[in-house]
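Line by line, the protein sequences give chains A and B. Going letter by letter, the first sequence gives residues -13 to 233 in this note's numbering. Going letter by letter, the second sequence gives residues -13 to 233 in this note's numbering. Just so it is clear, CB atoms sit at the ideal spot from N, CA and C, and this is done for glycine as well. As the structure is a computational prediction, the values presented were derived from the model and not from experiment.
Number of protein chains: 2
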Amino acid sequence: MQKPAADSDNKTDISLAERLFERIGEEIVAGTLPPGAKISEPALARRFGVSRTPLREALRRLEERKLITSARNVGSRVVSFSLAEVMDVYHAREALEGMASRLAAQRMSAAEIDGLRGVLEDHRRALAERTDGAYYQDSHDLDFHYRIARGSRSFLVEKILCEEFYLLIRLFRRRHNWIAGRGRRAWEEHVRILDAIKDGDAELAEILMRRHVAAARLSFEASQRLLAPDGVSPEATHPLLTKKREK
Amino acid sequence: MQKPAADSDNKTDISLAERLFERIGEEIVAGTLPPGAKISEPALARRFGVSRTPLREALRRLEERKLITSARNVGSRVVSFSLAEVMDVYHAREALEGMASRLAAQRMSAAEIDGLRGVLEDHRRALAERTDGAYYQDSHDLDFHYRIARGSRSFLVEKILCEEFYLLIRLFRRRHNWIAGRGRRAWEEHVRILDAIKDGDAELAEILMRRHVAAARLSFEASQRLLAPDGVSPEATHPLLTKKREK
DNA sequence: CACAATTTAATTGTCGACAATTTCCACGGC
DNA sequence: GCCGTGGAAATTGTCGACAATTAAATTGTG
């Protein structure tokens, strides 16, 4: 299975609308289009040198991906997550990644498990070279969580985790500061999860993954508390739930 | 919080694109646009008396909702789920609805719980009047699961369950046949889940909800086995994971 | 000066047209 | 009958224009 929404080398294979979707999504994640920013279709269309029609199609998709919010006749705005909302994403992740691990324990092949073992070994080496203890997985294909979601063999779990949540996770991963020792511990938790999967222990795999994601949530929360005035937008009540019928 | 994508009484409040999204979604769920059917933009635009532009916007959203699949320069097709894929939806539901119940046990107000108790009482009466033992919750607002998702106070859990999964669930609920006694037992399970929520027992609420959804999965599966040649499309490998880079 | 009303400018939603691509159909060859 | 080819028809993706709505700027009044 080839990951659908990624680094297509042949640029003529994808439509303008899809390319815009990807590029604007990346700009949102990178902060080029910052949280809360109003999206002007004409300005963006001029910037990219395209007509507004494919741009609007891309915006509709970005809205479904929860990266922007839109209101009729008003336009779109880059989403801005409060800490509570980030916590909600972690809760949803915990549930789905737990289930993904359970299914992976039942469905993942020995070759896939071995491959992931090698990936974790690469991670360990990269981690050992860092002086700040941060544990990043820069390549999506080599991301532990991505591999588990794929190993679940559940089209929906994979699609939600690898496509819908992927941009969300990256969006506020920029706000995350690694607490001392957490990187190493996260890696160890990965190893234990994989052990449980290899043993076919679905329940243990789920428990360990849920603990892992919960620990990541707590770690994120702790790091935000440390820099509360800068890193949090507590005034941001999430507009997705109130905006649509505001009128 | 007003549910965003539903029965808006004032038709001028929503754009054409959004109205098309809703109507086409309903036609897919109702089977008017049957699984596997090719979607012709010009034909649909003529039928609805609109230009293709808002129609395309609606299709982009329907694609994100997993109700249609699209390929560049080829067009869109109504999705067709195999039994295995329906099972995957149940797995994802189990995870998220379990988490929703856990959060609801922590966050739901006494008034909300009482209101839901009344809803269940209405359900019991409706169930007692049925001779076929089928347990339908025709109104979304009065749907037990919807209420729990709202009670979770997690924007993302709610959005996924109440918006993204809602149409999917209805899509193959039409294929579900109630096995004798399952309707009554499902209602009883609802009551127990609500009891756990009222007691603030988050873990029990989650366990009971997960069991409930798993039982629904097994019930669905059993009903499909009973009518295998008619109700299953086993040849349908899910196109979402293979179609995009087919070219 | 502050606020309300009006005007102007910009943006948003939809339309229909055009170019590119795919699908369909007829015909010929084996 | 089946398969391949070519051309016409249909569809898809994008463009720019127009009408409706919103936002910003300007003017008038107390």
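For B:V143, the uninterrupted alpha helix (DSSP H) run begins and ends at 141 to 145, by DSSP. Taking CB atoms only, B:H77 has a neighbour in chain A less than 8 Å away. As DSSP reads the structure, A:T55 sits in a beta bridge with A:R63. For B:L204, the closest Cβ of chain A is not nearer than 8 Å. Taken through DSSP and simplified to helix, strand or coil, B:I179 comes out as helix.
The residue from A:Y122, A:V199, A:A90, A:E27 with its alpha-carbon nearest to that of A:H109 is A:Y122. In terms of beta-carbon proximity, B:A31 stays away from the interface with chain A, with every pair separated by 8 Å or more. Three or more Cβ pairs closer than 8 Å define a contact, and the stretch 79 to 86 of chain B meets that threshold against the stretch 182 to 202 of chain B.
Under the 8 Å Cβ criterion, the stretch 93 to 111 of chain A does not count as touching the stretch 92 to 103 of chain B, having fewer than three qualifying pairs. For the C-beta of B:M85, the chain A residues within less than 8 Å are, from N- to C-terminus, H77, A78, E80, A81.
Taking the C-beta atoms as reference points, B:G84 is found nearer than 8 Å to B:E192. Bridge pairing for A:I134: absent [DSSP].
Taking 8 Å as the cut-off, the Cβ atoms of B:L19 and B:V64 count as close. Apart from the 5 residues on each side of it in sequence, B:L113 sits with its Cβ closer than 7 Å to the Cβ of Y121, G169, R170, W173 in its chain, given in chain order. Distance between A:A90 and A:I183, taken at the CA atoms: about 7 Å. Assignment of B:I99 by DSSP, reduced to helix, strand and coil, places it in the helix class. Annotated three-state conformation of A:I25 is strand, per DSSP.
Between A:A23 and the set A:I54, A:R196, A:A135, the nearest pair of CA atoms involves A:I54. In the structure shown, the three-state DSSP call for A:W164 is coil. DSSP places A:G84 inside the alpha helix (DSSP H), whose first and last residues are 69 to 93. DSSP places B:G35 outside any alpha helix (DSSP H), giving it a letter other than H or E. Exposure of A:P28 is indicated by the presence of fewer than 16 other C-beta atoms within 10 angstroms of its C-beta. When the alpha-carbon of A:R159 is set against those of A:L190, A:I134, A:F67, the nearest one is in A:F67.
The beta carbons of B:V177 and B:L106 sit closer together than 8 Å. Closest in alpha carbon position to B:L142, among A:L41, A:R116, A:M73, is A:M73. Distance from the Cα of B:H131 is smallest, within the candidate group B:A97, B:R88, B:I25, for B:R88.
Contact annotation: A:I0 and B:R42 have beta-carbon atoms that are not nearer than 8 Å. Out of A:I10, A:L2, A:Y152, A:T117, the CA that lies nearest to the CA of A:G167 is found in A:T117. Only those residues of the stretch 122 to 149 of chain B whose C-beta falls short of 9 Å from the nearest C-beta of chain A are listed: S138, R139, S140, F141, L142, V143, E144, K145, I146. Taking CB atoms only, A:R9 has no neighbour in chain B less than 8 Å away.
Taking a beta-carbon distance threshold of 8 Å, A:L89 counts as an interface residue toward chain B. Within chain B, the residues R46, R47, E49, E50, R51, E150 have their CB atoms less than 9 Å from the CB of A:E50, given in chain order. Annotation for A:L194: S87, E175, R178, I179, A182 place their beta carbon closer than 8 Å to its own, counting only its chain and skipping 5 residues before and after. By the neighbour-count criterion, in which a residue is buried when 16 or more other Cβ atoms sit within 10 angstroms of its Cβ, A:G137 is buried.
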